[in-house]
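S.K.:
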Amino acid sequence: MMLEKLHDHIIEELKTNTKTDIIFILTSILLNFIALGVNSLFASGTDWDPITDESIRTVSDYINFVLFMILIIIINSIVIFGLRRGRTSRSKLLGGLLKLYQDQDIAGYYDESLLSTYNVRYTLFMTAVISTGAIGFLVPLILMIF
């Protein structure tokens, strides 16, 4: 009975871990694309003064631009940290689950190669977050400079 409760608890922790990772990833990617759109719009200089034929930008425009850039860095750093912690937690939980299965002589039903598959998946998630963050940061910066 106690082993069943432990098993259920580990499974629930794994589900919570997965939900948290999904929230981290989606929030980061959504923010990166919003920042890309807002800052690209600003950087491209869509408002023009017809008399001087120059872009009209106010101090608050620059402040918003910089704040979005800082927000991209902060949020993506938090997400990467969270994903690393999630990967560590998942590895420990799955290791405990595998140990439980071994103790009960049912480890043959769980393929240990799944542990490395999860690590690859976390690497891909972090790559997606870093890539969208880099695009959200660099594209507006390039548009601003050129």
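In the working numbering, the protein residues as written are 338 to 483. Every residue gets a Cβ at the ideal spot worked out from N, C-alpha and C, and that includes glycine. Owing to the predicted nature of the structure, the values given are computational and were not obtained by experimental measurement.
Work out the CA separation of alanine 372 and arginine 421 for me, nearest whole Å.
M.R.: C-alpha separation (whole angstroms): 24 Å.
S.K.: Please report the straight-line C-alpha distance between serine 468 and methionine 339, rounded to a whole angstrom.
M.R.: When rounded, the distance between both Cα atoms is 45 Å.
S.K.: What is the residue span of the alpha helix (DSSP H) that phenylalanine 418 lies within?
M.R.: 396 to 440 is the extent of the alpha helix (DSSP H) around phenylalanine 418.
S.K.: With DSSP collapsed to three states, give me the class of tyrosine 455.
M.R.: Here tyrosine 455 sits in helix by DSSP.
S.K.: Less than 8 Å separating the beta-carbons of valine 466 and isoleucine 362?
M.R.: For valine 466 and isoleucine 362, yes; Cβs fall inside 8 Å.
S.K.: Taking C-alpha atoms, which residue in Lys352, Phe483, Met406 lies nearest to glycine 374?
M.R.: Among Lys352, Phe483, Met406, the Cα nearest to that of glycine 374 is on Met406.
S.K.: Taking the continuous alpha helix (DSSP H) assigned at isoleucine 347, which residues delimit it?
M.R.: Start and end: 339 to 380.
S.K.: Could you check what DSSP says for tyrosine 446 in three-state terms: helix, strand or coil?
M.R.: Reduced to three states, the DSSP call for tyrosine 446 is helix.
S.K.: Helix, strand or coil: how does DSSP classify phenylalanine 474 here?
M.R.: DSSP places phenylalanine 474 in helix when its eight states are reduced to three.
S.K.: Taking isoleucine 347 and glycine 433 to be in contact with their CB atoms under 8 Å, please state how far apart those CB atoms are, rounded to whole angstroms.
M.R.: Indeed, because the Cβ distance is near 6 Å, the residues count as touching under 8 Å.
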